[in-house]
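Student: First the structure, which I've put down as C-alpha cells, then a few questions once you've had a look.
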Amino acid sequence: MGEGKFTIASDGVDPLNVPRRTLYTGAKIPAIGLGTFGSDRFSGEQVSEAVRGAISVGYRHIDCAPVYGNEALIGEALHEVMRAGIKREELWITSKLWNDMHGEGDVLLSCAKTLKDLRLDYLDLYLVHWPFPNSHAPGCSVDSRNPDAKPYIHEDYMETWRQMERLVELGLVRHIGTSNMTIPKLKLVLRDANIRPACNEMELHPHFQQPELFQFVVENGMVPIGFCPIGSPNRPDRDKTETDTVDIEDPVIAKIAKRRNVHPAVICVKWAVQRGQIPIPFSIHRKNYLSNLQCTTTDPLTEEEMQEIAGIDKNCRLIKGQVFLWKEDQSWEDLWDVNGEITPG
Ligand SMILES: NC(=O)c1ccc[n+]([C@@H]2O[C@H](COP(=O)([O-])OP(=O)(O)OC[C@H]3O[C@@H](n4cnc5c(N)ncnc54)[C@H](OP(=O)(O)O)[C@@H]3O)[C@@H](O)[C@H]2O)c1
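Start counting the sequence shown at 815; every next residue gets the next number (the numbering used here).
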C-alpha cells in the first residue's frame, strides 16, 4: 500500500462494531488501540505501515509516543488516511510527554513537536509517560543511571500537570492522563488536579492484572489503558529477567485458545477488552493485528473462562523501569510504591 493508495480493506472490521468506552467527559474511545513501540526490532517505516494497515482494517485508536522515535513516520500514515477520507474525528490519537520534558515551558513544546510530527492540530489524549523526570539514552542497559535522576516529587509533578491542563484549555489536547502510576501517587494527583486524568495507562496482561490499581482507577472515573496486553513476548532483551513468566504459554490461555481456534495472544486481547481495560497490542503483521481487532466483535468469553483467567495472575511485572531509579542500591520495586506509600527520596 503506497502513498495515496490507502483503501478500506474488504476483510476488515467495521469500526462501528468495535466496542467503545465512555470517558468522564462523555467522549468515546475505541476499546482497543494499536501500540506503536517497535521494541527496537521494527523500523519506524514498518510501524508506520502497520498504522496505515491497521486503520485500513478498522482500527481507529493509535497509541504513540515521541520516545518510540517514529511519530514523524506515523504522521505520514495519518496524513494519508485522512486525505483518503477518514475524518480526524473518527480517529483517537494518544501521545505521551517524555521524561526529559517535565520542566517549566517544556510541555507545550513537546506537545507542539508531537502535533507537528503526527501532522495533527489536536490530540485526543496526552499522557505523562512516567511520573519521574528521569530520562536515559534509548536502548541503554538497565543498570545505567541518570546522575540527575529524582524520586517522585508531587509538587514537581503538579507543575507538569498544570502545563498539561493548559494544553486542554488551549484546545491542543482533548484529554490528559497518567501512565505508570501507583495508587498513592494517583490519590495526590486526583486531590490537586483541576482537570482530572481521563485515563491511566498501565501494564496489564493475564499474568499481571493489578487488581487493586485497576479497581482504584475505575472507581475514580478513569479508564485503564493496558499496555503489554499480550505480555510483550518480543520486548527488548534488556526488559527481560529470568523470573518473568510468559502469558501466551500459560496452560489456561493455551487451552481457551485451542478451544476457540485462535492464537493465545488473541485470548489475552479478548480478555482485556471484556474485563474493561483498553488493550493496545502491537504487531506489524496484518494477520495478527487483524485477529486482535476481530476478536473484540466475536462471541465473548464465558463467565467460566473469565474466572479461569482471573485465577492465573502471577503479579509478574515486565516493564520494571530500572533505568528510572534515582540512587544506587535501589530495587525496581521502589518505583512502584509496593508498601502502599510513595517511596521517599
Ligand atoms: N505507557 C507505557 O509506559 C508503555 C510501556 C510499554 C508499552 N506501551 C505501549 O503498549 C504497546 C503494546 O505493548 P508491547 O508492544 O510491549 O507488547 P504486546 O502488545 O503485549 O506484545 C506485542 C507482541 O505480541 C505479538 N502479537 C501481537 N498480536 C499477536 C497475535 N494476534 N498473534 C500472535 N502474536 C501476536 C507481536 O508479535 P509479532 O511481531 O510476531 O506480530 C508483538 O511483538 C506498545 O507498542 C506501546 O504502544 C506503553
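The C-beta atom is built at its ideal place from N, Cα and C for all residues, glycine as well. Please read all numbers here as calculations on a predicted model, not as lab measurements.
(1) So, residue 1029 versus residue 1016, is the Cβ gap smaller than 8 Å?
(2) Is residue 912 helix, strand or coil by DSSP?
(3) Return the Cβ separation of residue 837 and residue 1086 in integer angstroms, given the expectation that the two are a contact with Cβ distance under 8 Å.
(4) Using C-beta distances below 7 Å, list every residue in its chain close to residue 817, excluding the 5 sequence neighbours before and after it, in chain order.
(5) Spatial neighbours of residue 1122 within its chain, please: CB distance less than 7 Å, with the 5 preceding and 5 following residues excluded, ordered by chain position.
(6) Do you know how far the Cα of residue 1026 is from the Cα of residue 1152?
(7) Any idea which residues DSSP pairs residue 1022 with across the strands?
(8) For residue 1062 and residue 1045, which I take to be in contact (beta-carbon distance under 8 Å), what is that distance rounded to the nearest angstrom?
(9) Kindly indicate which three-state DSSP category residue 974 falls into: helix, strand or coil?
(10) Nearest CA to the CA of residue 1034: which residue from 969, 951, 991 and 930?
(11) Using CA coordinates, which residue listed in 1014, 1089 and 1155 is at the minimum distance from residue 771?
(12) State the DSSP-derived secondary structure class of residue 815, mapped to helix, strand or coil.
(13) Helix, strand or coil for residue 1134, going by three-state DSSP, please let me know.
(14) State the Cα-Cα distance for the pair residue 993 and residue 910, rounded to the nearest angstrom.
(15) Tell me whether the beta-carbon of residue 1137 lies closer than 8 Å to the beta-carbon of residue 881.
(16) Using a threshold of 7 Å, is the CB atom of residue 1079 nearer than that to any non-hydrogen atom of ligand 1?
(17) Which word fits residue 989, buried or exposed, when buried means at least 16 other C-beta atoms lie within 10 angstroms of its C-beta?
(18) Looking at residue 932 and residue 885, is the spacing between their C-beta atoms short of 8 Å?
(19) Does DSSP classify residue 830 as helix, strand or coil?
(20) Where do the N-terminal and C-terminal ends of the beta strand (DSSP E) with residue 941 fall, by residue?
(21) Taking 7 Å as the cut-off, does the CB of residue 1042 come closer than this to any heavy atom belonging to ligand 1?
(22) Rounded to whole angstroms, what is the Cα-Cα separation between residue 899 and residue 820?
(23) Rounded to the nearest angstrom, what separates residue 975 and residue 1071 at their Cα positions?
(24) For residue 1006, tell me which candidate among 981, 970, 1020 and 1037 has the shortest Cα-Cα distance.
(25) I want to know whether the region 913 to 930 touches the region 827 to 837 - three or more CB-CB distances under 8 Å.
(26) Kindly indicate which three-state DSSP category residue 877 falls into: helix, strand or coil?
(27) So does residue 1049 have its beta carbon nearer than 7 Å to some heavy atom of ligand 1?
(28) Spell out a yes or no on whether the region 840 to 847 and the region 864 to 881 are touching, meaning 3 or more CB-CB pairs, one atom from each, closer than 8 Å.
(29) Can you tell which of 1056, 1146, 1020 and 1008 has the C-alpha that lies nearest to the C-alpha of residue 1093?
(30) Please tell me whether residue 1042 and residue 981 are closer than 8 Å, where the distance is taken between their beta carbons.
(31) Would you call the CB atoms of residue 878 and residue 850 closer than 8 Å?
(32) Of the choices 902, 937, 1110 and 950, whose alpha-carbon is the least far from that of residue 915?
(33) Roughly how many angstroms lie between the CA atoms of residue 897 and residue 903, to the nearest whole one?
(34) Look at the Cβ atom of residue 985, then the Cβ atom of residue 936, and state whether they are nearer than 8 Å.
(35) By the three-class DSSP mapping on this structure, what secondary structure does residue 870 have?
(36) If I measure Cβ to Cβ from residue 1008 and keep anything under 6 Å in the same chain, skipping five residues before and after, which residues do I get?
Tutor: With the given structure in hand:
(1) Here residue 1029 is not near residue 1016, since their CB atoms are 8 Å or more apart.
(2) Residue state, collapsed to three classes: coil.
(3) Not a contact, Cβ separation roughly 18 Å.
(4) At residue 817 the pLDDT is 49, less than 50, meaning the model places this residue with poor confidence and gives no usable figure here.
(5) If we look at residue 1122 and ignore the five residues flanking it on each side, its Cβ neighbours are 1066.
(6) Distance between the alpha carbons of residue 1152 and residue 1026: 12 Å.
(7) DSSP lists 1019 as the beta-bridge partner residues of residue 1022.
(8) About 6 Å; that satisfies the 8 Å criterion.
(9) Reduced to three states, the DSSP call for residue 974 is helix.
(10) Ranked by how close their Cα comes to the Cα of residue 1034, the residues 969, 951, 991 and 930 have 991 in first place.
(11) This structure cannot speak to residue 771, because the chain is shown only from 815 to 1159.
(12) Residue placement at residue 815 is flagged as unreliable, the pLDDT there being 44, under the threshold of 50; a coordinate-derived value is accordingly withheld.
(13) Coil, per DSSP.
(14) Roughly 9 Å separates the two Cα atoms.
(15) With contacts defined by Cβ atoms closer than 8 Å, residue 1137 and residue 881 do not form a contacting pair.
(16) Answer for residue 1079: yes, Cβ within range of ligand 1.
(17) Counting Cβ neighbours within 10 Å, residue 989 comes out buried, since at least 16 surround it.
(18) Yes; because the gap between Cβ atoms is below 8 Å, this pair is in contact.
(19) The three-state reading of DSSP puts residue 830 in helix, counting H, G and I together.
(20) Bounds of the beta strand (DSSP E) holding residue 941 are 939 to 942.
(21) Yes, Cβ of residue 1042 sits closer than 7 Å to a heavy atom of ligand 1.
(22) Residue 899 and residue 820: Cα-Cα distance of roughly 9 Å.
(23) Roughly 42 Å separates the two Cα atoms.
(24) Considering only alpha carbons, the answer is 970.
(25) Segments in contact, no.
(26) Per DSSP, reduced to three states, the secondary structure at residue 877 is strand.
(27) Because some heavy atom of ligand 1 lies under 7 Å away, the Cβ of residue 1049 counts as near it: yes.
(28) Yes, they touch.
(29) That would be 1020, whose Cα lies nearest to the Cα of residue 1093.
(30) Cβ distance not < 8 Å, so residue 1042 and residue 981 don't count as in contact.
(31) Yes, these two residues count as a Cβ contact at 8 Å.
(32) Ranking the options by Cα distance to residue 915, first place goes to 950.
(33) Rounded to whole angstroms, the gap between the alpha carbons of residue 897 and residue 903 is 13 Å.
(34) Contact flag set, yes.
(35) Here residue 870 sits in helix by DSSP.
(36) The residues are 979.
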